[in-house]
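One structure is given here, and the rest of the page talks about it.
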Amino acid sequence: SQQGEEDPQALSIQEGENATMNCSYKTSINNLQWYRQNSGRGLVHLILIRSNEREKHSGRLRVTLDTSKKSSSLLITASRAADTASYFCATESLGGGSYIPTFGRGTSLIVHP
Amino acid sequence: KAGVTQTPRYLIKTRGQQVTLSCSPISGHRSVSWYQQTPGQGLQFLFEYFSETQRNKGNFPGRFSGRQFSNSRSEMNVSTLELGDSALYLCASSTGTSGTDTQYFGPGTRLTVL
């Protein structure tokens with residue numbers, strides 16, 4: 003079963019607008035990561051937020067984490083056509099001495115030029 | 002530094018055959034993880050190898066196996082292929098030494114089973 007679930011499943015916006023996607027998870031986490039995937043290719047790591055952090059920024063990306071609600075959000079400001087991709091959150095559970103990331107099904111973002 | 006490479010990029014097989022996929026991690030990375038991605042099930046963890054030992058395993062049947070060599074390169078094997086094995090298979094490498102390791106993904110091998 004998926005630990006993280008993204009919402010919405012699909013998002014379509016115009017260039018310059020902000021895009022917000024959410025991730026909910028079920029069990030306690032060590033950290034939460036966001037990844038981007040273009041056109042069925044490999045995933046690219048965007049940002050990691052630890053369980054004791056509430057907000058983190060990286061360029062046009064802003065991630066928040068609310069452990070009481072077991073949710074995280076990814077905000078992309080001033081979106082560009084190149085941001086068109088699927089975005090996944092991944093939570094980690096401890097197993098076998100290392101952390102196994104569990105991915106949600108992703109949010110498909112389309113940014114229209 | 003060269004990124005994670007996977008070979009082949011595309012593969013077409015028929016039911017009942019077996020297949021071997023290869024992954025070369027980033028130089029210095031000792032952990033290699035494998036994932037299966039399908040439209041229906043999303044991204045699912047197969048297994049992780051660290052220093053030639055399987056350290057973690059996902060919930061997949063025994064037809065899925067892997068190994069890691071002393072140079073950290075890894076192979077994944079699927080025997081007796083089924084139609085449902087059609088998927089994008091991704092490998093990811095990391096240093097494997099920290100609970101907050103960043104995983105670097107390869108471009109994937111797209112397997113089609115006919």
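Which chain is which? The protein sequence lines are A and B, in order. Quick note: the first sequence, position 33, residue 35 per this note's numbering, numbers continuous. Quick note: the second sequence, position 94, residue 95 per this note's numbering, numbers continuous. The C-beta atom is built at its ideal place from N, Cα and C for all residues, glycine as well. All figures in this text were calculated on a predicted structure; none of them were measured in a lab.
Asked: For P103/B, which residues in chain A fall below 9 Å Cβ to Cβ?; Found: Going by the sequence as given, residue 103/B is Thr instead of Pro. Per Cβ cutoff of 9 Å: Q35, H47 and L50.
Asked: Looking at L84/B: is its Cβ nearer than 9 Å to the Cβ of V114/B?; Found: yes
Asked: Kindly indicate the opening and closing residues of the beta strand (DSSP E) around R64/B.; Found: Taken as a continuous stretch (DSSP letters only), R64/B belongs to no beta strand (DSSP E), as it is neither H nor E.
Asked: Shortest alpha-carbon distance to G59/B belongs to which of L44/B, V5/B and E53/B?; Found: L44/B
Asked: Spell out a yes or no on whether the region 74-92 of chain A and the region 32-48 of chain A are touching, meaning 3 or more CB-CB pairs, one atom from each, closer than 8 Å.; Found: yes
Asked: L77/A lies in the beta strand (DSSP E); which residues open and close that run?; Found: S73 to I78
Asked: Could you pull the DSSP bridge partners for V114/B from this structure?; Found: K14/B
Asked: Looking at the structure shown, is D1/B part of a helix, part of a strand, or coil, going by DSSP?; Found: Outside the modelled stretch of chain B, which goes from 2 to 115, sits residue 1/B, for which no answer is possible.
Asked: Do you know whose CA, among I78/A, L50/A and P103/A, lies nearest Y109/A's CA?; Found: Note that residue 109/A is Thr in the sequence shown, not Tyr. For T109/A, the nearest C-alpha among the options comes from I78/A.
Asked: Measure from the alpha carbon of F105/A to the alpha carbon of each residue in S87/B, M77/B, F65/B and W35/B, then state which is nearest.; Found: W35/B
Asked: Using 8 Å as the Cβ pair cut-off and three pairs as the minimum, do the region 71-80 of chain B and the region 65-85 of chain A touch?; Found: no
Asked: Compute the beta-carbon to beta-carbon distance between G18/A and S81/A, rounded to the nearest angstrom, for a pair I have assumed lies under 8 Å.; Found: 7 Å
Asked: Where does the unbroken beta strand (DSSP E) through R52/A begin, and where does it stop?; Found: L45 to R52
Asked: Spell out whether any CB of chain B is found under 9 Å from the CB atom of P140/A.; Found: Nothing about residue 140/A can be read from this structure; chain A reaches only from 3 to 115.
Asked: Can you tell me which of the three DSSP states G43/B falls into?; Found: strand
Asked: Using a Cβ-Cβ cut-off of 6 Å (strictly less than) and excluding sequence neighbours within five positions of S60/A, which residues of its own chain qualify?; Found: I49
Asked: With a threshold of 9 Å between beta carbons, is G61/A in contact with chain B?; Found: no
Asked: CA-CA distance, V111/B and N54/A?; Found: Looking at the sequence itself, residue 111/B is Arg, so the reference to Val does not match. About 38 Å.
Asked: Compute the Euclidean distance between the alpha carbons of F65/B and V79/B, then round it to the nearest angstrom.; Found: 5 Å
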